[in-house]
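K.L.:
Chains as they are written, first to last, in our numbering: chain X, 19 to 446; chain Y, 8 to 335; chain R, 8 to 331. Ideal placement from N, C-alpha and C gives every residue a C-beta, glycine not left out. There's a structure below that I have some questions on.
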């Protein structure tokens, strides 16, 4: 991948290719490999009847399952270590002196090859305003069923946030950051702002005022020509000390209508505080990926205790696809609203089966979300590629959930299936 | 005549063995269900629903077909050599070439049957997809839920029928279910002609886009080429390796124009690789159906010639490899 | 009805067990029915058999294909569950881990890992019994020597011939010094010399207190080895008992003596006829083909090959040897 794709030509771009694409694709291959090996680990033994010699030895089913799982973990660990060494070596080689300027390498180090803690501003409360606007809507919309009302309120809330994220020339916007107690002092911090892509990217200028209440003293940073999508603002050390707050006010100093700044609704302004080095971050990320592979190995192993190896593989892939689709639908459904179907309006009723299928689908997604979301949210690749901290707490959660709890449940099921199964059936 | 009978017997056995594997049925059923679900799930896509249903169906056809071809071809020959049934057959007056080519014929038959089912499902999925209608009776976006439900029910009905056959006659479930899929889908197609898209009785009209047929046929040709590659590889490698290689060949073949085509004029190695690597873009022409376009049958004929020549060449290599392979 | 026929007629019934002896294997009304997907009975492999196998004997299970021998053996080892009836192996359920500590199993086919060497295979199975390193090493070396695989110890099992693979299978069945050994076709695929070695070995094991349950189609081997047998047909025991008792024709007597000088034979015949009233049948006794083959081979080879050589059991397999 790094040989074929140059990225955007910058050092950071190339490093990002290695982190996002090379590491991502390598992990995808490792996942496929983990599934193939784990599905066949027990299933092939049963098919080829090695298990018959094993089953007459004083070995419990739990020992067989656990032994296979640990063996798979060792292979996963070795392969993941090789991938980690390759990616890290690739990054260091990419950034070797002579290829890029000192400034570029320094910038890459500051923005990408680092572990920064992401602190988001205090969420703006738009509930009251959204309710007020809902009340102003024509009758009928407000009397909709509770789910529909919820969705309308969410949509109105997002609209209000979008309006507030727009700063016309001469206007201002304020964000407040609550600094956590464990942030320490003297850590380097930067504010990252993102502007929503506009049709005609203009040149925005203005100033940022940083204050740490209750002190009214602050610093004003003047912003020249902004990049089309955003940029960074250094935060003086004295403004970053815990516990405390950081108040940031942006004043749009651009003249003319084309100078309207539209901040991204979710990621308009973020505070990034340096929290550690890239190497440790990479190690923690690899550890979380290892936990993910452990979970997938447990899934394949358990499926192989019940089904033949190709059927077990198919089942595991199906489970992963359904889980990913469920995660996608869950993420989308937070913001989406069900549009009225034309047939409801005038073309006749939808068939009962169609309604049943839709309700069954939604119910299934909701139920699987309880199990899937914790796993889907424990993905370190995004933060790693963005120079964000993959914390010890994150790694610990991954270990508990992906390395102990979920594999434990799967293991119990697999052991039970193996214990129950007759291993010498004709045709096995 | 004797050789032809041998050939047909071996091909029939290969096809039967392939469709009796549980994974084959699972892959075919998943393909059909996903194709059926696409138009029922993807709604309000700014008029692109038909295209998405069509492209989704054809994509499922290709992707699942790759796995069926790789798995069936890989496991068929490899397994037979490993367990010894190949040596048992070859100890009879059966030539190795006949044995190998009969295997290919059996697999090609299974892939053609799968392609037929998948193309039918795509035709029906496109009919089901949401479309804006403005008639005396309805005004708005209409999804043909009735046909959609029947399409989803078709694999289920085939399996129910197979379960009954298995219960009463003891015949294997998997092969019976596979055999029932084409008639089930054809029945859905036939019945759908009795209704309009709102589910009301109407003068008989199938209302499907027949121009999808050449696209489905092209994919079938691609799968047959791939099965020839898979079978030839399986004379030397195991099932897993063959499936992985087929998947890689698919990806590389789809990208061959980008990866090698642009470099072919300047580099001899690139031009040779470009010629050897199968160019799946010749067979993936779903975009040609956009905006009412059609795929001429003359193009299909040329693609068939390319497919036949490529598969023939690969099979020759496979036969040569198999002639020197120790099967005992 | 001949005495033999009447013996067979009652031979399906279980014999009386000697007092004070606990059987190693106790089977009561065991039945095994294989069902299809719809839970309908498809095949009744075993239809209610009862038997006891006593310690220190070699017990043979005979029967045509499909008679239920393999099903019975596999259920005794816990690989299948009985549909009905009760089974106790060494006083416990066959699926009990503790009973598996003391059994060994040699399957008919080689179910060994193809990519391990013979030494690694035996070491692996030795580890499963919790044998320490030194014991494992010692036993592996002894078993490789016993099965004449020392030269091939570091070759992969996948490269072995069928006979060699079976010898590895036999060795792994003994690694834990089992009290009870299950053998499925132990002499199948072996040449006559190998076959003779195995038979001597099994007899040695029996003499050292092991109990052996074997299943075989090779009736001559069963006759040489087994103390008692059971004959299965369509899932039922149709004959059982001590081999000698079952095969003996008690209504006739055979007397063997050195060939008399010419002319005296007629006197002997006349004497017998006058005593018992029967005209005796006479012929020259013949050795079996196996014996002949072994004698011929040992005659042309410098050293005694296993056929005549005593098969020396490793120490750990003898009475008083260390157990696992």
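So for residue 182/Y, helix, strand or coil by DSSP?
P.N.:
Helix.
K.L.:
Any Cβ of chain X within less than 9 Å of the Cβ of residue 325/R?
P.N.:
Not closer than 9 Å to any Cβ of chain X, the Cβ of residue 325/R fails to qualify, so no.
K.L.:
Mind pulling the chain Y residues with CB within less than 8 Å of residue 329/X?
P.N.:
By Cβ distance, chain Y contributes 29, 30, 33.
K.L.:
How many whole angstroms separate the CB atoms of residue 333/X and residue 325/X, which I take to be in contact at a CB cut-off of 8 Å?
P.N.:
Going by Cβ atoms, the distance from residue 333/X to residue 325/X rounds to 6 Å, so yes, they are a contact pair.
K.L.:
Going residue by residue through the region 264 to 341 of chain X, where are the continuous alpha helix (DSSP H) segments of at least 4 residues, counting only ones entirely within it?
P.N.:
With a minimum length of 4 residues, the continuous alpha helix (DSSP H) runs that stay inside the region 264 to 341 of chain X are 296 to 324.
K.L.:
At 9 Å on the CB atoms, spell out the chain X contacts of residue 107/R, in chain order.
P.N.:
73, 74, 75, 76, 77, listed in chain order.
K.L.:
Could you tell me whether any non-hydrogen atom of the ligand ADP is closer than 8 Å to the CB of residue 98/X?
P.N.:
For the ligand ADP, the structure offers nothing, since it holds no ligand at all.
K.L.:
I need the boundaries of the beta strand (DSSP E) containing residue 229/X, first residue and last residue.
P.N.:
First-last of the beta strand (DSSP E) with residue 229/X: 224 to 229.
K.L.:
Taking only beta-carbon atoms, is residue 139/R less than 9 Å away from chain Y?
P.N.:
Output row for residue 139/R: interface = no.
K.L.:
Excluding five sequence neighbours on each side, which residues of the same chain lie with their C-beta closer than 6 Å to the C-beta of residue 304/X?
P.N.:
The answer, listed in chain order, is 98, 102.
K.L.:
For residue 16/Y, which residues from the same chain have a beta carbon less than 6 Å from its beta carbon, with the 5 sequence-adjacent residues on both sides left out?
P.N.:
Closer than 6 Å at the Cβ level, and outside the excluded window around residue 16/Y, lies no residue.
K.L.:
Less than 9 Å between CB atoms is the rule here; does residue 81/R satisfy it with respect to chain X?
P.N.:
So, interface residue.
K.L.:
Pick out whichever of 194/R, 54/R, 108/R has its Cα sitting closest to the Cα of residue 169/R.
P.N.:
It is 194/R whose Cα lies nearest to the Cα of residue 169/R.
K.L.:
Name the residues in the region 36 to 60 of chain X whose C-beta lies less than 9 Å from a C-beta of chain Y; which are they?
P.N.:
Those would be 50, 54, 58, in chain order.
K.L.:
Which word fits residue 265/Y, buried or exposed, when buried means at least 16 other C-beta atoms lie within 10 angstroms of its C-beta?
P.N.:
Exposed is the call here.
K.L.:
Looking at the strands, I want to know which residues DSSP matches up with residue 202/Y.
P.N.:
The partner list for residue 202/Y (beta bridge, DSSP) reads 208/Y.
K.L.:
Beta carbons nearer than 8 Å to chain R: which residues of the region 167 to 185 of chain Y have them?
P.N.:
Within the region 167 to 185 of chain Y, the qualifying residues are 173, 174, 177, 180.
K.L.:
Here's a check: name, in chain order, each residue in its chain whose Cβ is nearer than 7 Å to the Cβ of residue 268/Y, leaving out the five neighbours to either side.
P.N.:
These residues qualify, in order along the chain: 281.
K.L.:
So residue 247/Y contacts chain X; which residues on that side make the cut at Cβ distance below 9 Å?
P.N.:
54, 58, listed in chain order.
K.L.:
Select from 177/X, 41/X, 430/X, 441/X the residue whose C-alpha is nearest the C-alpha of residue 104/X.
P.N.:
Cα-wise, what sits closest to residue 104/X is 41/X.
K.L.:
By a C-beta neighbour count over all protein chains shown, 10 Å radius and 16 as the cutoff for buried, is residue 238/Y buried or exposed?
P.N.:
Buried: at least 16 other Cβ atoms inside 10 Å.
K.L.:
Counting contacts by CB-CB distance shorter than 9 Å, is residue 230/X in contact with chain Y?
P.N.:
By this cut-off, residue 230/X is not an interface position.
K.L.:
Please go through the same chain and pick out, in chain order, the residues whose beta-carbon is closer than 6 Å to the beta-carbon of residue 399/X, but skip the five residues on each side of it.
P.N.:
Answer for residue 399/X: 42, listed in chain order.
K.L.:
Buried or exposed: where does residue 367/Y fall if 16 or more other Cβ atoms within 10 Å of its Cβ makes it buried?
P.N.:
Lying outside 8 to 335, the shown extent of chain Y, residue 367/Y is not represented and no answer is given.
K.L.:
With three or more beta-carbon pairs closer than 8 Å as the criterion, would you say the region 51 to 60 of chain R touches the region 236 to 249 of chain R?
P.N.:
Result yes; three or more Cβ-Cβ pairs closer than 8 Å.
K.L.:
Give the residues of chain X in contact with residue 136/R, contact being defined as C-beta atoms less than 8 Å apart.
P.N.:
Result: 75, 76.
K.L.:
Straight-line CA distance for residue 107/R to residue 79/R?
P.N.:
Between residue 107/R and residue 79/R, the C-alpha separation is close to 16 Å.
K.L.:
Indicate the three-state DSSP secondary structure (helix, strand or coil) for residue 273/R in the structure shown.
P.N.:
Residue 273/R: helix per DSSP, three-state reduction.
K.L.:
Taking 9 Å as the threshold (C-beta atoms), are residue 300/R and residue 145/R in contact?
P.N.:
Not in contact: residue 145/R and residue 300/R (Cβ atoms no closer than 9 Å).
K.L.:
Along chain X, in chain order, which residues have C-beta atoms closer than 7 Å to that of residue 104/R?
P.N.:
Here the neighbours are 76, 78.
K.L.:
Identify whether residue 32/R lies in helix, strand or coil by the three-state DSSP scheme.
P.N.:
Reduced to three states, the DSSP call for residue 32/R is strand.
K.L.:
Going by beta-carbon coordinates alone, are residue 43/Y and residue 155/Y separated by less than 9 Å?
P.N.:
Yes. Within cutoff.
K.L.:
Since residue 111/R sits in a beta bridge, which residues does DSSP pair it with?
P.N.:
According to DSSP, which records beta bridges pairwise, residue 111/R is partnered with 188/R.
K.L.:
Beta carbon of residue 190/R, beta carbon of residue 68/X: below 9 Å?
P.N.:
Cβ atoms of residue 190/R and residue 68/X: not closer than 9 Å.
K.L.:
Give the single residue among 314/Y, 303/Y, 47/Y, 34/Y whose Cα lies nearest to the Cα of residue 153/Y.
P.N.:
The residue with the shortest Cα to Cα distance from residue 153/Y is 47/Y.
K.L.:
Would you list, in sequence order, the uninterrupted beta strand (DSSP E) runs of no fewer than 3 residues that lie entirely inside the region 40 to 71 of chain R?
P.N.:
Counting only runs of 3 or more, we get 48 to 60, 65 to 69.
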